Amino acid sequence: GETHILETSAEHVRERIDDIYKRLTESSASSEQQQEEEEVDDGSTVTTSEQQRATVVLHLGVNYRGTVFQLERCAYNDATFRIPDERGYRPRRECVLLDGGGGNNNGNNNNNDNNGTMVSSSPSSSSSRREWGECIGTTLDLEHLREELQGGGDGELSSTTGPPPPSSVCISTDPGRFVCNFAYCLSLDRCRSANDEYCSSRRSRRRRRKVRRAEEGGGGDDDEQGRRVLYHALFVHVPPFDVVSENDQLGFVRRLMDAIGRQLSGH
C-alpha cells in the first residue's frame, strides 16, 4: 500500500489524484498483458478474478467539529468554497469535473481541512457529461461496514475528553463543499473511469481468447462475464485528536481496512 499527505488545495489534489489513478491503471494493464502472454505461452487460463485484486483508495480528512467517524456515502460535482484553499482558490458553484469526467478546478472540503489519502491493495469512470451538483456514490457497502465497525473489534473507542459518543461511526451524505468533497468527487469519478476501462479491456481479452481457442479447435470460454468492480474509493471524516486519541484513530483505521478487505473478498 501507499500513503500520501495532500495539500489542502484543489490544484494539488487534482494533480496527485490523477497521478495515483494513472499509476494504478498502468500497473493493472501491465499485469493483464503479462497474464495474457503467459496464457499464450502455456495454453493455461488464469481468470482475472484470481489474478487481479481490487484496489481501494481510502481518503481521510479531519472534521474539526466532529465527534464521530463519518463514512461518506457520496461526493458532489460542486466546488463552492467558503474560504480560499491553500493556494488562494475560492470557487463559487463551479464543477469539480469537466465534461467527460475530466478535471476542472481546484479544491478541498467544508469545515474539514487536513486531507490525507491512503492507497491500499486488497481482494471502477464514465465519459458522459457531468452536471453541476451531480452526486457520485461509493461502490462499497457502507451499512455493512458500519455494522461491523460498531461491533468494536479492538474494544470501544475512547475519548480523551470523556466517555465515547453513543454512536462512534455514522454514514454521512454531506462531505461539505471544500477540498475533501473536491478530492472525493475526483476519486470516485476516476474509479468509475478506471472500472469502465478495465471492463472494456476484459471484453477484448475474452474475444481474443475465444478466437485463439477456435483456431486451436477448442470452444470459447465464457468466464468473467458481467461487470467487475476493481477500483473503489471511500472518504472518512475523522474527529480531532482531542476528541478521539491518535492511537484510537489508528486502531479504527486498521479495523476499517480489514473490514473493507473482508467485504471485497466475500468473507
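Number 200 in the working numbering belongs to position 203 of the sequence shown; there are no gaps in the numbering. All C-beta atoms, glycine included, are put in the ideal place defined by N, C-alpha and C. Computed from a predicted structure; not experimentally measured.
For residue i and residue j, what's the separation of their Cα atoms in angstroms?
i, j, result
"Asn259", "Leu253", "As written in the sequence, residue 259 is Arg, which differs from the Asn given in the question. Going by the C-alpha atoms only, they are around 10 Å apart."
"Tyr181", "Val241", "23 Å"
"Leu68", "Gly148", "15 Å"
"Leu3", "Val93", "17 Å"
"Leu261", "Ser6", "32 Å"
"Cys167", "Arg70", "10 Å"
"Thr64", "Thr77", "24 Å"
"Asp75", "Glu128", "9 Å"
"Leu146", "Ser169", "15 Å"
"Asp219", "Ser197", "Model confidence at Asp219 stands at a pLDDT of 42, short of 50, so the residue's coordinates are unreliable; what they give is reported in the following sentence. Using only the alpha carbons, I get a separation of about 15 Å."
"Gly130", "Tyr73", "5 Å"
"Leu231", "His56", "6 Å"
"Val37", "Arg50", "Interpretation of Val37 is limited by its pLDDT of 47, a score under 50 that renders its predicted location unreliable; the figure taken from the coordinates is listed afterwards. If you take the alpha carbons of Val37 and Arg50, they lie about 22 Å apart."
"Asn192", "Glu12", "20 Å"
Classify residue i as buried or exposed, calling it buried when 16 or more other Cβ atoms lie within 10 Å of its own Cβ.
i, result
"Leu247", "exposed"
"Pro172", "buried"
"Phe179", "buried"
"Glu140", "exposed"
"Ile133", "buried"
"Asp138", "exposed"
"Asn244", "exposed"
"Ser165", "buried"
"Pro0", "Looking at the sequence itself, residue 0 is Thr, so the reference to Pro does not match. Classification for Thr0: exposed."
"Phe249", "buried"
Name the two residues that bound the continuous beta strand (DSSP E) containing residue i.
i, result
"Asn60", "52 to 60"
"Glu(-1)", "-1 to 3"
"Glu128", "Segment: none, Glu128 is in no beta strand (DSSP E) and carries neither H nor E."
"Leu231", "228 to 235"
Between the Cα of residue i and the Cα atoms of the options, which residue gives the shortest distance?
i, options, result
"Pro81", "Asp193, Phe175, Arg200", "Phe175"
"Val226", "Thr170, Arg143, Arg199", "Arg199"
"Tyr228", "Asp15, Thr0, Val10, Leu21", "Leu21"
"Val235", "Cys188, Tyr61, Arg143", "Tyr61"
"Val10", "Val53, Tyr86, Thr135", "Tyr86"
"Arg143", "Arg50, Cys196, Ser190, Val233", "Val233"
"Leu95", "Ala230, Ile17, Arg187, Asn192", "Arg187"
Can you name the start and end residues of the alpha helix (DSSP H) that residue i belongs to?
i, result
"Phe249", "243 to 262"
"Glu140", "139 to 147"
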